[in-house]
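A quick write-up on the structure given underneath.
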Amino acid sequence: MASTQAQARGRRTQSCIRQERDTVSFQEEYQKKLMTAEQAIGLIENGDNIVKAMAVCEPPALLKALADRVEANDLRDLTVYYYHSLEYAANTILRYELLDRIHLKCGFYHTVERELAKRGREEGRKLFEFLPNSFGEFPHMLRSEKLHIDATILTVSPMDKAGFFSFGVNHDYGPAACRTSKKVLVEVNENMPRINGRTLLHVSEVDAIVENHVPLLEINSDKNLPEAQAIARNIVELIPDGATLQMGVGAIPDRVCAFLEEHNELGIHSECLTAGLVHLAKLGVANGARKTLHNRKAIFSFTWGNKEHYDFLDDNLYFEAHPTDYVINPGIIEKNDNFISVNSLLEIDLLGQVNSEAIGHQQFTATGGQLDFVRGSQRSKGGKSILAFTSTAGRGKFSRIVPTLNGPVTDTRLDVQYVITEHGIANLKGMTSTERANTLISLADPKFRDELTHAARQMYLV
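Okay, so the sequence shown: first residue is -6 according to our numbering, each after it adds one.
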């Protein structure tokens, strides 16, 4: 017995020595790869295909160094793949004067892309290209041989004692990009929360490390809409206790979360972990107790908010982040019973087709994961897909319910289920084309109903 205990102690001692040695070696490797942003960007070559992290994980020091090299004509013919840019990219690699040397391929439009697109149309010049795809498929696209990624640049949380960085608030496509690209350049920021999940990045997988401990960008919720309260109340009627939630971004989903404070044992499985969902988690309302997949875990791909939001998520074991090809996967989504998906749209036509991404021929946002959640939620036992929106746009000048779409089809008429405006609720499933047209007209703003009825008659729908 004593001999066995001594052997066990010996094994533990050896294990501790190995761990201590490994920790030292990880730190040594970290220090060897630690350099300035300028030195790191020195690894980029002419003609490289680069993946930039999105939103809050944009690496400001690396982006500035990259833009400086391009501006000095030291780099050219770069291609950058990315989603959802914020001010760091807008003030560096997305600057107008650099776009003859940087070719942008964007999967999701935000403010800067809309402004660049407008300027390009005015000047008759194509400043960047839109990359149509489901956000859930983007990691697959990065892993394909078609894109040939040379470098990935992103912000990560500090390395732990085992040599791992966390992808922070953006686990969306960064892991796939890092495992695909020839070079990985990370910007370590001590303010980036460490988010748990299956997507860690080891120091051995990194080629360059830059330290830059700036405050994280803060993104506040959209302004409240006068109609949001009525729409949110209509939505809450469809959400039972124990439901698992996916919420889109904006005033309506945030208002829905505010009305769910008296619900019980809700779950979270969402592309974006919104401030409203985090609020429900803080209250204990969204505790995941009835989730049939990832019980008592909140699953998401990316998030943003304010400092309090980031601090709450830091090393919080309730939250678990996964890439979009897992979170936005209908086959995964359906495994949670009573899955409720809440998203919005730009317009819906009288056939029930939905456009959530463009205004006419001009791209405005992108599909994101909407179609996958629309489909996955309905495959869930007791699940529902909800598309909620104000009946008008442009301060009441335009109806979002239109005879025919003016832009691309995001969700087909075969997929759309619940449609909600401030004027009511409709479940389009099982309705004929005539019933759909009449129902959608009843959800429109009253001042547009006669016009829509006339159009429906012209289309032989009613």
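Idealized CB from N, CA, C, for every residue including glycine.
By the Cβ-count criterion, Arg118 is exposed, with fewer than 16 other Cβ atoms from all chains shown falling within 10 Å of its own Cβ. In this structure the stretch 320 to 327 does not lie against the stretch 382 to 393, because fewer than three pairs of beta carbons, one per stretch, are closer than 8 Å. Spanning the alpha carbons of Leu433 and Ile261 requires a straight line of approximately 30 Å. Secondary structure of Phe366 (DSSP, three-state): helix. In the three-state reduction of the DSSP assignment, Asn348 falls in the strand class.
In this structure, the CA atom of Leu71 is about 16 Å from the CA atom of Leu124. Thr237 sits buried, since 16 or more C-beta atoms from the chains shown fall within 10 Å of its C-beta. No Cβ-Cβ contact shorter than 7 Å links Gly375 with Asn329. When DSSP assignments are scanned along the stretch 166 to 192, the uninterrupted stretches of beta strand (DSSP E) that are 3 or more residues long and fall wholly within it turn out to be 176 to 181. Using a Cβ-Cβ distance cut-off of 8 Å, the stretch 77 to 88 and the stretch 175 to 191 are not in contact, since fewer than three pairs of beta carbons, one from each stretch, lie closer than that value.
Taking 7 Å as the cut-off, the beta carbon of Arg187 is found closer than this to the beta carbon of Asp308.
When secondary structure is reduced to three states using DSSP, Met47 falls in the coil class, being assigned neither helix nor strand.
Assigned with DSSP and collapsed to three states, Ile232 falls in coil, not helix or strand. Note on geometry: alpha-carbon atoms of Val249 and Leu68 lie some 48 Å from one another. Just measuring C-alpha positions, the residue of Gly298, Pro219, Phe19 and Lys284 sitting nearest His195 is Phe19. The residues Asp234, in chain order, have a CB closer than 6 Å to that of Asn257 in the same chain once the five nearest residues on each side in sequence are set aside. Only buried fits Ala314, as 16 or more other CB atoms lie within 10 angstroms of its CB. With a beta-carbon spacing of about 24 Å, Ala48 and Glu31 fall beyond the 8 Å limit used to define contacts. Glu22 and Asp41 have their alpha carbons spaced roughly 26 Å apart.
With 16 or more neighbouring CB atoms inside 10 Å of its own CB, His103 falls in the buried class.
In the structure shown, Glu428 adopts helical secondary structure according to DSSP, grouped into three states. Beta-bridge partners assigned by DSSP to Phe332: Thr237. The DSSP assignment places complete beta strand (DSSP E) segments of no fewer than 3 residues inside the stretch 206 to 289 at 237 to 240 and 260 to 266, in order along the chain. If you keep only unbroken beta strand (DSSP E) runs of at least 3 residues inside the stretch 395 to 455, you get 411 to 414 and 417 to 420. Following the DSSP letters along the chain, one finds Asp318 inside the alpha helix (DSSP H) bounded by residues Thr317 to Val320. Residue range Pro53 to Glu64 is occupied by the alpha helix (DSSP H) that includes Val63.
The count of Cβ pairs closer than 8 Å, one atom from the stretch 287 to 299 and one from the stretch 152 to 170, reaches three, so the stretches are in contact. By the Cβ test, the stretch 50 to 65 is in contact with the stretch 141 to 160, since at least three Cβ pairs between them sit closer than 8 Å.
In this model, Arg393 and Cys265 are separated by some 24 Å (Cα to Cα).
Taking C-alpha positions only, Ala381 is separated from Val17 by approximately 54 Å.
The C-beta distance from Val367 to Ser378 rounds to 4 Å, short enough to fall under 8 Å.
Between Arg406 and Gly345, the C-beta spacing is below 7 Å. When Cβ pairs closer than 8 Å are counted between the two stretches, the stretch 332 to 352 is seen to touch the stretch 399 to 413, the count reaching three or more. Spatial neighbours of Val199 in its own chain (CB-CB distance under 7 Å, excluding positions within 5 residues in sequence) are listed in chain order as Lys26, Val177 and Val179. By the criterion of a C-beta distance shorter than 6 Å, Met452 is surrounded by no residue of its chain, once the five residues flanking it on both sides are discounted. Annotation: the stretch 75 to 119 contains the following complete segments of the beta strand (DSSP E) (minimum length 3 residues), in chain order: 95 to 99.
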